[in-house]
């Protein structure tokens, strides 16, 4: 008999984990959600009152795997001195994200109090001004389909199958409209993506799209839906087959969906919860009136560092964050960028020096394989938030901004490196980048800088700085 056949099934019969009633709907069922929001909920929901109905993003596979385990999975907290294992049962139900009928049903239920979101930055379809981009092909297509639905009945209610809707906002709107029609009450939307003012981003994706469809629906959302800003942090690399095997051997359960993460976690929230929420603060979440300083600290010092290491590290032939911070050149460039960013993080509660020291310890955890290749995806969107603001702030202060400009230079060289090896950019704006990569020399540098920020692209000194820093890895 194989080892696998000797394992117990991971389900609610074999594990004392009663399924809680669904009061939270989540979009973007991935490893980060399961290591973070679902984990926080598990820590504080001893009475089993806050079950999550989680919907996948692009593929139904994760939902099918979790459904077979009654929503249960193992979280492995991986430290330098060993692993700890815990079973999380806060996900009551897992669904294919394409099941709009089910999504509408659970969103419109009066018991549902929260919609949480982890869909990654590009999926909000925002323009460079932070507003919903109506010229996005996906947004335009969804808006047209929703307008047609509304024109037919004065609502987004359908008989039979829903039309093909691709954006998060469009998938959510039928459920919110059903809440409007049935008077199911208010709801809070909690974005957990790495965006500055992610609550406003969620509002643009949802309410902005509603404004293109129906003034009546838009007004109802404005009065009944709150959008909560958050800053989230927990490094969660992809789970490998070796990780899955190790979890099964250590726990004795046949778990096909474990999550490996670091011991550290952080969740900072700001906003209103009109229908209630779990007591996440009992698991360490922090509720603040002004989240902006905390967002900036995280986006610049953590996420900005990740982007720098992703591009410089890969250009130097390195694989993981731990590899990169162990490289003297990468480490020096990291400190230079951090010095620039920290100069603009002066809120008294931030304690940036301690935060930097803690980040280095986290980055050095060699047992967390945080792949640079994974971090480097969608650089266009990420650098607009992580490198561009620091560069602008430094230039406004009369300094060169070389540390932040180096991230852009490394990104440019990495794109060229990928192209030379026949790889298409792993980016939501891949078509645009592919056209730019037909250029060369300073013209290429200028076009890429302009893609990130038009004003910086028009600044000769900035373009010259980025171009000078290229090819120095």
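In our numbering, the protein residues as written are 691 to 1163. Yeah, the Cβ is synthetic: ideal placement off N, Cα and C, and Gly gets one too. Note that the coordinates shown come from a computational prediction; the quantities given were computed from them, not determined experimentally.
Who are the near neighbours of residue i in its chain, counting only those whose CB is closer than 8 Å to its CB and skipping five residues on each side?
{"i": "residue 1046", "result": "991, 1028 and 1032"}
{"i": "residue 1096", "result": "998, 1002, 1023, 1026, 1027 and 1159"}
{"i": "residue 823", "result": "815, 816, 817 and 829"}
{"i": "residue 1017", "result": "1003, 1006 and 1008"}
Grab the span of the beta strand (DSSP E) containing residue i for me, first residue to last.
{"i": "residue 714", "result": "712–717"}
{"i": "residue 949", "result": "949–951"}
{"i": "residue 959", "result": "956–960"}
{"i": "residue 918", "result": "915–923"}
{"i": "residue 781", "result": "781–785"}
{"i": "residue 877", "result": "877–881"}
{"i": "residue 742", "result": "741–745"}
Given this structure, state the Cα-to-Cα distance separating residue i from residue j, to the nearest angstrom.
{"i": "residue 1152", "j": "residue 726", "result": "38 Å"}
{"i": "residue 1135", "j": "residue 1142", "result": "11 Å"}
{"i": "residue 1114", "j": "residue 1068", "result": "12 Å"}
{"i": "residue 1149", "j": "residue 874", "result": "52 Å"}
{"i": "residue 769", "j": "residue 707", "result": "26 Å"}
{"i": "residue 916", "j": "residue 935", "result": "42 Å"}
{"i": "residue 885", "j": "residue 912", "result": "21 Å"}
{"i": "residue 844", "j": "residue 865", "result": "15 Å"}
{"i": "residue 982", "j": "residue 849", "result": "43 Å"}
{"i": "residue 741", "j": "residue 1133", "result": "53 Å"}
{"i": "residue 1154", "j": "residue 1111", "result": "26 Å"}
{"i": "residue 836", "j": "residue 895", "result": "14 Å"}
{"i": "residue 978", "j": "residue 922", "result": "13 Å"}
{"i": "residue 1098", "j": "residue 812", "result": "18 Å"}
{"i": "residue 691", "j": "residue 1054", "result": "The predicted position of residue 691 is uncertain, since its pLDDT is 40 and thus under 50; a value taken from the coordinates is nonetheless stated next. So the two alpha carbons sit approximately 40 Å from each other."}
{"i": "residue 762", "j": "residue 738", "result": "14 Å"}
{"i": "residue 723", "j": "residue 774", "result": "19 Å"}
{"i": "residue 754", "j": "residue 944", "result": "15 Å"}
{"i": "residue 1042", "j": "residue 1034", "result": "10 Å"}
{"i": "residue 949", "j": "residue 793", "result": "24 Å"}
By Cβ distance, which residues of its chain are closer than 6 Å to residue i, with the 5 residues on each side in sequence left out?
{"i": "residue 760", "result": "701 and 702"}
{"i": "residue 1109", "result": "1127"}
{"i": "residue 756", "result": "784 and 947"}
{"i": "residue 744", "result": "716, 719, 781 and 784"}
{"i": "residue 1197", "result": "Nothing about residue 1197 can be reported from this structure: the residues present for the chain run from 691 to 1163 only."}
Assign residue i to one of two classes, buried (16 or more other C-beta atoms within 10 Å of its C-beta) or exposed (fewer than that).
{"i": "residue 818", "result": "exposed"}
{"i": "residue 854", "result": "exposed"}
{"i": "residue 1057", "result": "exposed"}
{"i": "residue 665", "result": "Here the chain covers residues 691 to 1163 and nothing more, so residue 665 does not appear."}
{"i": "residue 962", "result": "exposed"}
{"i": "residue 1038", "result": "exposed"}
{"i": "residue 1105", "result": "buried"}
{"i": "residue 810", "result": "buried"}
{"i": "residue 1085", "result": "buried"}
{"i": "residue 1019", "result": "exposed"}
{"i": "residue 851", "result": "exposed"}
{"i": "residue 764", "result": "buried"}
Let's see if you can read the secondary structure: which residues bound the alpha helix (DSSP H) around residue i?
{"i": "residue 1131", "result": "1131–1142"}
{"i": "residue 806", "result": "It is not in any alpha helix (DSSP H) - residue 806 instead sits in the beta strand (DSSP E) that spans 804–807."}
{"i": "residue 1153", "result": "1150–1159"}
{"i": "residue 1082", "result": "1078–1086"}
{"i": "residue 1102", "result": "1092–1110"}
{"i": "residue 730", "result": "727–734"}
{"i": "residue 837", "result": "827–843"}
{"i": "residue 1068", "result": "Run containing residue 1068: none; DSSP gives neither H nor E here."}
{"i": "residue 899", "result": "899–903"}
{"i": "residue 1030", "result": "1018–1032"}
{"i": "residue 861", "result": "858–872"}
Determine the DSSP secondary structure at residue i, reduced to helix, strand or coil.
{"i": "residue 772", "result": "strand"}
{"i": "residue 822", "result": "strand"}
{"i": "residue 981", "result": "coil"}
{"i": "residue 767", "result": "strand"}
{"i": "residue 1010", "result": "strand"}
{"i": "residue 699", "result": "strand"}
{"i": "residue 799", "result": "coil"}
{"i": "residue 706", "result": "coil"}
{"i": "residue 1127", "result": "coil"}
{"i": "residue 891", "result": "helix"}
{"i": "residue 762", "result": "coil"}
{"i": "residue 684", "result": "An answer regarding residue 684 cannot be provided, because it is not within the stretch 691 to 1163 covered by the chain."}
{"i": "residue 885", "result": "coil"}
{"i": "residue 848", "result": "coil"}
{"i": "residue 1061", "result": "strand"}
Who are the Cβ neighbours of residue i in its own chain at under 7 Å, not counting the five residues just before and after it?
{"i": "residue 908", "result": "897, 900 and 901"}
{"i": "residue 1000", "result": "1062, 1065 and 1066"}
{"i": "residue 826", "result": "815"}
{"i": "residue 704", "result": "698"}
{"i": "residue 1010", "result": "1059, 1060, 1061 and 1062"}
{"i": "residue 883", "result": "807, 808, 809, 810 and 811"}
Quick one: does the C-beta of residue i sit closer than 6 Å to a heavy atom of the ligand MN?
{"i": "residue 749", "result": "Within the structure as shown, the ligand MN is missing, as the structure has no ligands at all."}
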